[in-house]
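In this note's numbering, the protein residues as written are 55 to 212.
So the structure is just underneath, and the comments pick up after that.
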């Protein structure tokens, strides 16, 4: 069966940075609903269209096609005492921003009683290479199409 609109695609992937260093890979396969449901990067979805089980894709995405550009407005410097716990580099905090909505901030630096927090995705601003192998393709159920995502194994559970 070929990957077409309203099929559920199960795949393994590896992601690499611009220096070809592995930055993420699947341990268990992931599944997404194919056909513009925003379950995977659009360029990857385009490359997977009409592929079959066993086929591979290798897609290079610019920052705006992957995790977005770095947004300087999402980097904040705050006094450490405004945080609920003693901040350490790597900690994450959720904040409700009037302009951006709920943002997850990552602590990137702590010095002199101040904390640098970054609300950008950790891979924002990076060119990404995405390699994937198709493990399975099946027709989506009516419920999956209605909900716009995969249910069951490797997918979403209600």
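Every residue gets a Cβ at the ideal spot worked out from N, C-alpha and C, and that includes glycine.
Because the structure is a prediction, the values reported are computed rather than measured.
- When the Cα atoms are used, residue 82 and residue 166 turn out to be separated by approximately 43 Å.
- The DSSP-derived three-state label of residue 117 is helix.
- With fewer than 16 other CB atoms across the displayed protein chains lying within 10 angstroms of its CB, residue 78 is exposed.
- Contact annotation: the segment 179-188 touches the segment 105-124, with at least three C-beta pairs closer than 8 Å.
- Sequence-distant Cβ neighbours of residue 111 in its own chain, meaning closer than 6 Å and more than five residues away, are 101, 102 and 186.
- For residue 193, the enclosing beta strand (DSSP E) begins and ends at 182-193.
- With respect to the 7 Å criterion, residue 189 and residue 64 are classified as neighbours on the basis of their beta carbons.
- Under DSSP, the beta-bridge partners assigned to residue 168 are 133 and 165.
- Taking each of 151, 136, 150 and 130 in turn and checking the Cα distance to residue 160, the smallest one comes out for 130.
- When DSSP reads this structure, residue 64 sits in a beta bridge with 85 and 190.
- In the structure shown, residue 199 falls within a helical segment according to DSSP collapsed to helix, strand and coil.
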